[in-house]
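Here's the structure we're looking at; comments come further down.
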Amino acid sequence: MPIRTHRGRAAVYRRIWGAPLRSPKHLIVTVMILVAIVTGIGFLVPKLLPGVDQGSISSAASRTTQTDTEDAVPTTQPTELTETRLTEPPMTRTSAAPEPAALQVVRKWARAWVTHPDGISNKKWLRGLAPFTTEEYLPVMESVEPDNIPATKVTGEPKVVESYTASVTAEVPTDGPRLSITVVKTDAGWRVSNYGKAA
């Protein structure tokens with residue numbers, strides 16, 4: 015028979031709500047059921063409400079980013095204009111007549127380069143080059159084997175190819191390859207910063 019009195023309904027409600035508290039087992043089962051219901055709602059809500067899904071959130075975020083980027087365009091224009099004003103490098107080399115001291119270093123370096131008696135070690139050979147070579151370039155010369163140098167003497171005077179206030183490039187003839195030697199002005203004077211075979 016249906017429950018017709020308020021007292022009867024209240025007793026039924028107390029029985030339902032008091033069920034989880036009757037024992038620890040009832041409480042654990044009730045908590046698990048509630049967790050399952052909440053999880054199910056979490057999965058169903060995005061499907062039931064397509065307007066509030068990750069896609070719409072992502073598109074809204076992208077629109078916001080795009081708007082911010084468009085607003086930021088004017089701030090990048092001064093940088094671009096500044097870069098286009100640089101029509102030439104900040105430092106330019108100035109042509110000048112070669113200093114005699116620079117050519118003297120070229121001569122001495124070339125003579126030291128062709129001086130490599132049989133069996134001379136790389137370290138001993140470099141000691142002859144060290145007074146005329148920059149500290150930065152001297153370690154590069156450590157890879158050169160003196161026995162492989164195909165020249166034994168300088169056969170002429172240096173011929174200037176390029177001359178600037180702080181650097182000079184000259185070609186030196188030998189009984190082997192023609193050398194192209196570049197010297198630069200340092201605090202210690204003119205020093206060789208590079209060499210190779212002349213073209």
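For what it's worth, our numbering labels the leading residue of the sequence shown as 15, then goes sequentially.
We put the beta carbon where it would ideally sit given N, CA and C, even for glycine.
Rounded C-beta distance between R192 and V119? I'm assuming under 8 Å.
-> Position 178 of the sequence shown, counting from 1, holds the residue named residue 192. Position 105 of the sequence shown, counting from 1, holds the residue named residue 119. Cβ-Cβ separation between R192 and V119: approximately 18 Å, too far for a contact (criterion under 8 Å).
- request: Compute the Euclidean distance between the alpha carbons of S194 and K211, then round it to the nearest angstrom.
  value: If you number the sequence shown from 1, residue 194 lands on position 180. If you number the sequence shown from 1, residue 211 lands on position 197. Computed Cα separation, rounded: 6 Å.
Smallest Cα separation from K167: which of V197, G203 and A124? As a position in the sequence shown, residue 167 is number 153, starting the count at 1. Of the listed residues, the one whose Cα sits closest to K167 is A124.
Check your understanding: For F146, which residues from the same chain have a beta carbon less than 6 Å from its beta carbon, with the 5 sequence-adjacent residues on both sides left out?
Key -> Locating residue 146 in the sequence shown gives position 132, counting from the first residue. The answer, listed in chain order, is V119, K122, W123 and V206.
### Message
I'd like the span of the alpha helix (DSSP H) that includes V174, first residue to last.
### Response
On the sequence shown, position 160 is the one that residue 174 refers to. Taken as a continuous stretch (DSSP letters only), V174 belongs to no alpha helix (DSSP H), being part of the beta strand (DSSP E) at K173 to S177.
If you draw a straight line from the C-alpha of Q179 to the C-alpha of L117, how long is it?
Taking the first residue of the sequence shown as 1, we reach residue 179 at position 165. Taking the first residue of the sequence shown as 1, we reach residue 117 at position 103. Sequence inspection shows Thr at residue 179; the Gln mentioned does not correspond to that position. T179 and L117: Cα-Cα distance of roughly 13 Å.
In this structure, how does DSSP classify S109 when only helix, strand and coil are distinguished? The count along the sequence shown starts at 1 and reaches residue 109 at position 95. Strand, per DSSP.
Item to complete: Return the chain-ordered list of same chain residues with a C-beta closer than 8 Å to the C-beta of T108, the five sequence neighbours on each side being excluded.
Response: For the purposes of this step, residue 108 is taken as residue 94 along the sequence shown, with counting starting at 1. Contacts found: Y178 and T179.
Practice item. Could you check the C-alpha separation between I55 and L41 for me, to the nearest Å? Key: On the sequence shown, position 41 is the one that residue 55 refers to. On the sequence shown, position 27 is the one that residue 41 refers to. Cα-Cα distance, rounded: 21 Å.
(request) Check G210 in the structure and name its three-state DSSP category. (result) One-based indexing of the sequence shown puts residue 210 at position 196. In the structure shown, G210 falls within a strand segment according to DSSP collapsed to helix, strand and coil.
- Select from E113, T129, V175 and V198 the residue whose C-alpha is nearest the C-alpha of A165. Residue mapping note: residue 165 aligns to position 151 of the sequence shown, counting from 1. Comparing Cα-Cα distances from A165 to each of E113, T129, V175 and V198, the minimum goes to T129.
Quiz item: What did DSSP end up calling V197 once you bin it into helix, strand or coil?
Solution: The sequence position of residue 197 within the sequence shown is 183, counting from 1. DSSP places V197 in strand when its eight states are reduced to three.
Around the Cβ of L143, are there at least 16 other Cβ atoms within 10 angstroms (buried) or fewer (exposed)? Sequence index remark: in the sequence shown, residue 143 carries index 129 (1-based). L143 is buried by the Cβ-count criterion.
Excluding the 5 residues flanking P172 on each side, which residues of the same chain have their C-beta closer than 8 Å to its C-beta? Residue mapping note: residue 172 aligns to position 158 of the sequence shown, counting from 1. Hits under 8 Å: L117, V120, R121, A124, A184, E185, V186 and I195.
- Message: Please tell me whether E113 and V198 are closer than 9 Å, where the distance is taken between their beta carbons.
- Response: Here residue 113 refers to the residue found at position 99 of the sequence shown. Here residue 198 refers to the residue found at position 184 of the sequence shown. Going by C-beta atoms, E113 is not nearer than 9 Å to V198.
* Evaluate A202 with the Cβ neighbour count: other Cβ atoms within 10 Å of its Cβ, from every protein chain shown; 16 or more gives buried, anything less gives exposed. => Counting from 1 along the sequence shown, the entry for residue 202 is found at position 188. Exposed: under 16 other Cβ atoms inside 10 Å.
Q.
Within 10 Å of its beta-carbon, does T83 have 16 or more other beta-carbons around it, so buried, or fewer, so exposed?
A. Walking along the sequence shown from the start, residue 83 turns up at place 69. Reliability of the predicted coordinates at T83 is poor, the pLDDT of 45 falling under 50, and no value is obtained from them.
What does the alpha-carbon distance come out to for the pair T200 and T148? As a first step, residue 200 is located in the sequence shown; it is residue number 186 there, counting from the start. As a first step, residue 148 is located in the sequence shown; it is residue number 134 there, counting from the start. Taking the straight line joining both Cα atoms gives about 8 Å.
| said: Using the Cβ count rule (16 or more neighbours within 10 Å means buried), how would you classify T188? | reply: The residue given as residue 188 occupies position 174 in the sequence shown. By the 10 Å Cβ count, T188 comes out buried.
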